[in-house]
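Structure first, then comments.
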Amino acid sequence: MYLGGMAVTYRQLRVETPLANVVSAPEWAHAVLVMGLMVGGGLGVAAAIVDRRSTAASWVLIAIGTAAAVAWCLWATRDDAMVQMLFAAAPPLIAFAVVAELMRQLHVHFN
Numbered sequence: 288m289y290l291g292g293m294a295v296t297y298r299q300l301r302v303e304t305p306l307a308n309v310v311s312a313p314e315w316a317h318a319v320l321v322m323g324l325m326v327g328g329g330l331g332v333a334a335a336i337v338d339r340r341s342t343a344a345s346w347v348l349i350a351i352g353t354a355a356a357v358a359w360c361l362w363a364t365r366d367d368a369m370v371q372m373l374f375a376a377a378p379p380l381i382a383f384a385v386v387a388e389l390m391r392q393l394h395v396h397f398n
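According to the working numbering, the sequence shown holds residues 288 to 398 in order.
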């Protein structure tokens, strides 16, 4: 579920880049930056749970990445119907929910 949500989100983010005129980088790089926040934050939470440290900073990265991905997906579908926009925003939210449950399970296992 997590990998599927991330893959769909990445493909959506590559379709239309709102920062194309601001940052001169390939369109895939914009998507990688947003997805990197989500993946890096998830790895940070997992490492913090294993080491029994605070996970707050890593959750902030995940939240920022998820919010950016949702905003980007909504922006890319701004001319579509509301239902299409909701479906476009669902994959990053699903990825967030799945990683939150995975981290909860890790937390239970290691504490």
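All C-beta atoms, glycine included, are put in the ideal place defined by N, C-alpha and C.
Among 291, 299, 394, nearest to residue 376 - alpha-carbon criterion: 299
Rounded C-alpha distance that separates residue 351 from residue 337: 23 Å
Inter-residue spacing [alpha-carbon to alpha-carbon] between residue 297 and residue 349: 15 Å
Segment contact, 8 Å Cβ cut-off, at least three pairs: the segment 325-335 with the segment 384-396: yes
Residues near residue 346 in its chain [Cβ-Cβ closer than 8 Å; skip 5 each side]: 328, 332
Simplified DSSP state of residue 367, which is helix, strand or coil: coil
Best match in 382, 355, 313 for proximity to residue 295 [C-alpha to C-alpha]: 382
Residues near residue 360 in its chain [Cβ-Cβ closer than 6 Å; skip 5 each side]: 299, 375, 376
Pick from 313, 339, 367, 324 that is closest to residue 395, judged by C-alpha positions: 339
Neighbourhood of residue 372 by C-beta distance below 7 Å, restricted to the same chain and skipping five residues each side: 361, 364
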